[in-house]
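So the structure is just underneath, and the comments pick up after that.
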Amino acid sequence: MHRRAPSVHPGLMTDMYHPDAAYVSWRTGRNGLATFDLYARTAPFGGAYLLVAGLEAALEFVQSFRYTEEELTFLARIRDYDAAFLDELANLRFTGEILAMPEGSIAFPNEPILRVTAPFREALLLEAGILQAINLATLIATKASRIVYAAQQGQSRRVAEFAFRRAQEPMTVARAAYIGGCASTSLLNAAYEFRLPATGTVPHALIELFDSEEEAFEAIAQAYNRYTLLLDTYDPRRAIHTAIEVALRAQETLGHTLAAVRIDSGNLVADSLYIREQLDKAGLQHVRILASGDLDEWKILELLQAGAAIDAFGVGTALGSGAGSVERGIAGGSLGAVYKEVWYVDENGTEYPKVKLAREKSTWPGKKEIYRHPQWEEDVVQLAHEPAPAGYHRLLKPVMRNGEMVPGSLPPLSEIRELAQQNLAALPEKYRALTVQEPYPVHFSEGLQVLRRQAARIVGVELAE
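Just add 183 to wherever you are in the sequence shown, counting from 1, and you've got this note's numbering.
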């Protein structure tokens with residue numbers, strides 16, 4: 184029996200407690216204008232920054248959010264919601280505004296990446312879908328940027344994304360990895376959809392298909408004008424000599440060029456040095472050495488610091504899963520951004536700062552803006568009505584107004600990647616490093632601190648100045 188692929192139902196892309204909370208809001212007549220901030224409390228992988236990605240998917244989710252008749256029937260079956268509430272959901276569409284850091288921006292912990300303002304139920308029901316879009320893409324873009332950074336030590340080296348078979352969400356991973364600086368993807372569907380360069384070598388299974396390694400290499404060399412040979416199916420130090428013989432014959436008889444060789448296991452430092460030596464002796468200085476095999480930013484850095492003769496890297500599992508490092512005690516696998524209510528205007532026009540007081544999970548109330556010093560000396564988070572610091576750059580941009588997309592909010596992927604690389608190049612080295620000694624300075628304005636104390640006082644808590 185064939186099973187159909189799961190369908191996507193935007194109105195059901197919530198957690199159960201979202202429509203439950205919306206129902207309570209509906210029953211009590213509380214649906215004033217609410218503002219929510221989306222931000223991360225910490226930077227991933229022990230670094231200082233986050234490379235923002237996923238805004239396009241988040242906005243597409245917001246635009247598509249609605250309930251069909253079948254979905255409302257499902258909700259009525261699993262909860263005893265009032266029929267009038269379900270009637271409201273049938274007509275619910277996002278009517279609010281969203282400000283966001285553009286994809287490719289650099290963000291730091293506790294800075295709002297998105298600011299959503301809408302009637303409470305609209306803003307609340309969008310929480311999980313927006314978070315999912317931003318969390319995964321930002322995690323992967325940041326991971327990719329770190330891997331690419333590690334690979335650039337001493338010279339420019341390309342990093343290819345090989346993550347499809349182990350990726351959390353392959354299309355999101357391919358797109359975000361490209362934003363983060365990866366040069367290509369192995370996933371053809373992503374190359375097609377996003378117009379990305381597609382690259383790949385050959386599997387060990389193809390080498391094993393033939394009676395000998397030489398026969399396999401000959402078949403590959405005859406098939407393509409430029410080709411790559413995989414050396415570590417049996418013994419890379421033996422295979423490089425076979426590869427050189429085949430490459431010289433193919434160049435002489437067919438004009439076909441050996442572009443690269445790949446090693447996927449073994450002692451990558453020693454083997455790469457041996458392979459480079461043999462290639463150079465044969466006059467094949469142009470042939471690049473590509474390394475892969477459970478690599479991440481720390482392993483790549485260690486290889487290069489040990490003198491490995493590697494010209495490019497293919498990275499899969501660590502990139503596709505946004506992995507940390509067990510050996511180094513560094514968490515990974517998820518970003519953990521949150522979406523918190525910070526401001527509320529009731530039906531009578533009365534305004535209320537909203538705050539959560541829970542130690543490290545405490546929030547900052549108010550509608551905020553973020554400004555960055557032009558030389559990256561600090562960021563300032565302040566209330567929207569406070570004067571902007573002179574010469575600083577505003578980071579939040581309007582992307583939706585009155586439920587409609589602001590023109591220019593969804594630039595092409597090539598422009599997003601270019602912005603990301605410009606920002607990463609501008610980021611001071613001490614904050615770009617894989618491990619940072621001190622966090623980037625993010626300051627909260629005096630007006631924001633006063634408002635936080637006022638909001639705490641409203642709920643009966645006195646905060647120290």
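The beta carbon of each residue, even a glycine, is placed where N, CA and C say it ideally should be.
Residue i to residue j span [Cα, whole Å]
i, j, result
"residue 184", "residue 260", "Confidence in residue 184 is poor, its pLDDT being 47 and thus under 50, which makes the residue's placement too unreliable to answer from."
"residue 232", "residue 624", "11 Å"
"residue 640", "residue 541", "14 Å"
"residue 649", "residue 237", "Absent from the structure is residue 649, since the part of the chain shown begins at 184 and ends at 648."
"residue 209", "residue 629", "36 Å"
"residue 477", "residue 501", "7 Å"
"residue 198", "residue 250", "15 Å"
"residue 616", "residue 230", "7 Å"
"residue 648", "residue 276", "42 Å"
"residue 686", "residue 352", "The structure shown has nothing for residue 686, since the chain only spans 184 to 648."
"residue 449", "residue 594", "43 Å"
"residue 298", "residue 240", "16 Å"
"residue 271", "residue 310", "19 Å"
"residue 524", "residue 215", "12 Å"
"residue 532", "residue 302", "13 Å"
"residue 474", "residue 447", "6 Å"
"residue 396", "residue 247", "53 Å"
"residue 480", "residue 619", "14 Å"
"residue 194", "residue 254", "8 Å"
"residue 379", "residue 360", "11 Å"
"residue 336", "residue 364", "15 Å"
"residue 661", "residue 561", "As displayed, the chain neither begins before 184 nor continues past 648, which places residue 661 out of reach and without an answer."
"residue 505", "residue 348", "14 Å"
"residue 482", "residue 340", "15 Å"
"residue 499", "residue 451", "17 Å"
"residue 539", "residue 545", "5 Å"
Terminal residues of the beta strand (DSSP E) in which residue i lies
i, result
"residue 222", "216 to 222"
"residue 481", "Per DSSP, residue 481 belongs to no beta strand (DSSP E); it is in the alpha helix (DSSP H), 480 to 488."
"residue 412", "409 to 413"
"residue 630", "Per DSSP, residue 630 belongs to no beta strand (DSSP E); it is in the alpha helix (DSSP H), 629 to 641."
"residue 496", "495 to 498"
Bridge partners - residue i, DSSP secondary structure assignment
i, result
"residue 183", "Nothing in the structure corresponds to residue 183, since the chain is present only between 184 and 648."
"residue 526", "218, 536"
"residue 300", "218, 280"
"residue 509", "Bridge partners of residue 509: none, in fact."
"residue 290", "233"
"residue 367", "343"
"residue 521", "222"
"residue 625", "562"
"residue 381", "368"
First and last residue of the uninterrupted alpha helix (DSSP H) at residue i
i, result
"residue 356", "353 to 362"
"residue 195", "Note, residue 195: premise wrong, no alpha helix (DSSP H); not H, not E."
"residue 211", "Here residue 211 belongs to no alpha helix (DSSP H), and DSSP marks it neither H nor E."
"residue 613", "612 to 615"
"residue 246", "238 to 247"
"residue 434", "419 to 436"
"residue 273", "266 to 273"
"residue 253", "252 to 261"
"residue 405", "396 to 406"
"residue 543", "That residue, residue 543, is in no alpha helix (DSSP H); it is neither H nor E in DSSP."
"residue 388", "387 to 392"
Assumed close pair residue i, residue j - CB separation to whole angstroms, cut-off 8 Å
i, j, result
"residue 608", "residue 559", "The Cβ separation is near 11 Å, so there is no contact."
"residue 291", "residue 515", "In fact, because the Cβ distance is near 18 Å, the residues do not count as touching under 8 Å."
"residue 650", "residue 366", "With the chain covering 184 to 648 only, the question about residue 650 has no answer from this structure."
"residue 413", "residue 385", "5 Å"
"residue 614", "residue 577", "Not a contact, Cβ separation roughly 20 Å."
"residue 563", "residue 626", "5 Å"
"residue 404", "residue 433", "4 Å"
"residue 416", "residue 443", "Residue 416 to residue 443, Cβ: 16 Å. No contact."
"residue 638", "residue 548", "4 Å"
Quick one: which unbroken beta strand (DSSP E) runs of 3-plus residues sit fully inside the region 552 to 602? Chain order, please.
-> 562 to 566, 580 to 584
Entirely within the region 438 to 481 and at least 3 residues each: give me those beta strand (DSSP E) ranges in chain order.
-> 440 to 446, 471 to 474
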